[in-house]
Every structure is written in C-alpha cells, then in structure tokens.
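Everything below concerns the one structure shown next.
In this note's numbering, the protein residues as written are 34 to 149.
Shown next as structure tokens:
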C-alpha cells in the first residue's frame with residue numbers, strides 16, 4: 034500500500050505537482066512512507082490549516098487508489114498532470130458541500146492554474 038501512496042514514480046510525481054501547487058516545497062525523502070511525509074508536512078502548516086491538509090491527504094490518496102483501479106481493471110491510465118484537475122474538482126466539490134477547511138489550501142492553486 035505504501036508503494037502505491039508514496040513510492041511509485043507516478044505517485045511521487047502527483048505529490049510533487051500537488052506540493053508545488055499549494056506552495057508546500059518540503060523535500061521528500063525516498064525512504065519515508067506516505068504517513069511519515071504527511072506527518073512532517075502537516076507540522077509545517079498553521080494549526081488552523083491542518084484539518085484541511087489531513088482531508089487533502091485522504092482525498093489525494095483516494096484518487097490515487099481510484100487511478101490504480103482504473104489501470105488494473107479498465108486498462109485506462111492517465112498522466113499525473115491529468116489527475117491534478119480531478120483533485121482540484123473534488124476539492125471544490127467538498128468546499129461546495131460545506132467542508133470549508135480545505136479551501137485555504139486550494140485557493141492559491143485555483144488562481145495559478147495547473148501546469149500540464
């Protein structure tokens with residue numbers, strides 16, 4: 034499981050692009066687990082942003098899992114850059130549904146646009 038969420042090349046690129054999009058440039062160590070990375074990175078954030086960051090971690094992990102299932106069962110793969118708009122759309126849906134804690138993390142992301 035940890036390989037899927039932190040170790041594979043695809044996932045590392047998704048996380049790197051996401052970190053850049055939300056201006057979190059903490060270097061990632063290849064030997065650390067996804068949970069280790071999340072714990073280190075969340076400590077860098079103001080306390081009022083941590084719940085949103087936790088939700089973002091779970092949301093991205095879920096979408097990576099769905100991408101994995103698409104590759105395995107449907108034989109359809111997307112590029113890491115193509116997953117980012119899906120992540121942003123899902124974040125915006127969560128905000129629209131009332132979960133506002135994730136909004137500060139994606140506000141600047143929405144403004145800068147996504148680089149393909």
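Where a beta carbon is used, it is the ideal one built from N, C-alpha and C, also for glycine.
Note that the structure is predicted; figures quoted are calculated from it, not measured.
Which whole-angstrom value is the C-beta distance of residue i and residue j, which I expect to be below 8 angstroms?
i, j, result
"residue 116", "residue 139", "Going by Cβ atoms, the distance from residue 116 to residue 139 rounds to 15 angstroms, so no, they are not a contact pair."
"residue 124", "residue 77", "Going by Cβ atoms, the distance from residue 124 to residue 77 rounds to 19 angstroms, so no, they are not a contact pair."
Hey, would you say residue i sits closer than 8 angstroms to residue j, going by beta carbons?
i, j, result
"residue 97", "residue 42", "no"
"residue 113", "residue 50", "yes"
"residue 52", "residue 85", "no"
Any idea what DSSP makes of residue i, helix, strand or coil?
i, result
"residue 108", "coil"
"residue 113", "helix"
"residue 127", "helix"
"residue 90", "helix"
"residue 66", "coil"
"residue 103", "helix"
"residue 78", "coil"
"residue 97", "helix"
"residue 145", "Residue confidence is low: residue 145 scores 48 on pLDDT, short of 50, so the model does not pin down where it sits. Its coordinate-derived value is still stated next. Helix at residue 145."
Going by Cα to Cα distance, which pick from the options is closest to residue i?
i, options, result
"residue 44", "74, 90 and 80", "90"
"residue 128", "72, 88 and 81", "88"
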